[in-house]
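Novice: The structure that follows is given in the form of structure tokens.
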Amino acid sequence: MLPEILLESELILAIKNKSARGAKILYDKYSHTLFYNINRIVKSRTVAEDILQQTFIKIWDSFHQYDQQKGRLYTWMINIARNLCFDELRKKHYQYLVLSDNMQSSASYFERNHHEIINTDLCDIGKFLNQLRKIDAKVMYLIYIKGYTHVEVAENLNIPLGTVKTRIANSIKLLKMYLQKDIAMLKLAS
């Protein structure tokens with residue numbers, strides 16, 4: 001059995017020589033600290049584990065780029081980890097923007113065609129809104145499809161804020177009953 005590599009310079013040499021033992025020591029020595037820092041950035045254990053794995057792969061593959069004169073090994077490694085975290089966050093933000101755009105497109109379509117959708121029962125939301133009184137359906141549409149605030153709905157419909165909140169609460173109760181009926185029907189069918 002080989003003696004434990006203690007000095008950072010020895011560890012660096014082992015990694016540059018593509019030593020599997022050096023890779024294991026590197027992982028054992030730095031993985032917990034890197035994981036902690038990655039998890040603080042992405043705030044998801046699963047994502048942090050994936051990024052930690054990507055970090056060590058990137059460290060291994062690009063170790064020839066590490067220059068001891070420019071900084072310590074850990075500093076170089078944490079920069080790789082952070083960059084991967086930021087890439088992941090940008091990717092998630094982009095997915096959110098695409099989802100948001102898709103929701104906006106759906107809202108625009110619904111806005112242009114909501115009478116048709118409600119009348120032909122093309123979607124469950126339309127079925128639900130169709131069961132409400134017109135004013136309640138309008139309130140729910142403005143809040144949940146258009147994204148208006150309660151205050152904006154009150155101003156737009158010229159009704160008190162308390163009335164808007166009551167209409168929302170009552171409509172949500174009806175929605176729960178509507179969904180419970182659907183669930184009961186599904187249970188009977190299976």
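Numbering (UniProt numbering), first residue to last: 1 to 190.
For each residue, glycine too, the CB sits at the ideal point set by N, CA and C.
1) Nearest to residue 40 by alpha carbon, out of 21, 85, 59 and 141?
2) Go ahead and pull the three-state DSSP assignment for residue 181.
3) If I'm right that residue 150 touches residue 157 with Cβ under 8 angstroms, what's the distance once you round it to whole angstroms?
4) So that I know if they touch, is there some Cβ in chain B lying closer than 8 angstroms to that of residue 156?
5) Who are the Cβ neighbours of residue 153 in its own chain at under 7 angstroms, not counting the five residues just before and after it?
6) With residue 138 as the anchor, note down where its alpha helix (DSSP H) starts and where it stops.
7) Keeping to the same chain, check which residues put their C-beta closer than 8 angstroms to that of residue 49; ignore five residues upstream and five downstream.
8) Output the distance between the C-alpha atoms of residue 198 and residue 92, rounded to the nearest integer angstrom.
9) Taking the beta carbon of residue 71 as the centre, do at least 16 other beta carbons fall within 10 Å, making it buried, or is it exposed?
10) State the Cα-Cα distance for the pair residue 201 and residue 87, rounded to the nearest angstrom.
11) Note the first and the last residue of the continuous alpha helix (DSSP H) segment covering residue 24.
12) Let me confirm a value: residue 73 is counted as buried when at least 16 other C-beta atoms fall within 10 Å, else exposed. Which label applies?
13) Taking residue 129 as the reference, which of 89, 173, 159 and 44 has the closest Cα?
14) My guess is that residue 170 and residue 136 are in contact by the Cβ rule of under 8 angstroms, so how many angstroms apart are they, rounded?
15) Does the beta-carbon distance from residue 80 to residue 55 come in below 8 angstroms?
16) In three-state DSSP terms, what is residue 90?
Specialist: Put simply:
1) When 21, 85, 59 and 141 are compared, the shortest CA-CA separation from residue 40 is found for 85.
2) Note: residue 181 maps to helix in three-state DSSP.
3) With 8 angstroms as the limit, residue 150 and residue 157 do not qualify as a contact, their Cβ atoms being about 11 angstroms apart.
4) Looking for chain B here will not work: only one protein chain is present.
5) Scanning its chain for C-beta atoms nearer than 7 angstroms, with the 5 sequence neighbours on each side dropped, one finds around residue 153 the residues 139, 142, 143 and 164, in chain order.
6) Taken as a continuous stretch (DSSP letters only), the alpha helix (DSSP H) holding residue 138 covers 134-140.
7) Within its own chain, the residues whose Cβ lies closer than 8 angstroms to the Cβ of residue 49, once the five positions on either side in sequence are excluded, are 35, listed in chain order.
8) Any property of residue 198 remains undetermined from this structure, which presents the chain solely from 1 to 190.
9) By the 10 Å Cβ count, residue 71 comes out exposed.
10) No answer is possible for residue 201: it lies beyond the span of the chain, which begins at 1 and ends at 190.
11) Run containing residue 24: 20-42, per the alpha helix (DSSP H) assignment.
12) Label assigned to residue 73: buried.
13) Residue 173 holds the alpha-carbon nearest to the alpha-carbon of residue 129 among 89, 173, 159 and 44.
14) About 7 angstroms separates the two Cβ atoms, so the contact holds.
15) Residue 80 places its beta carbon less than 8 angstroms from that of residue 55.
16) Assigned with DSSP and collapsed to three states, residue 90 falls in helix.
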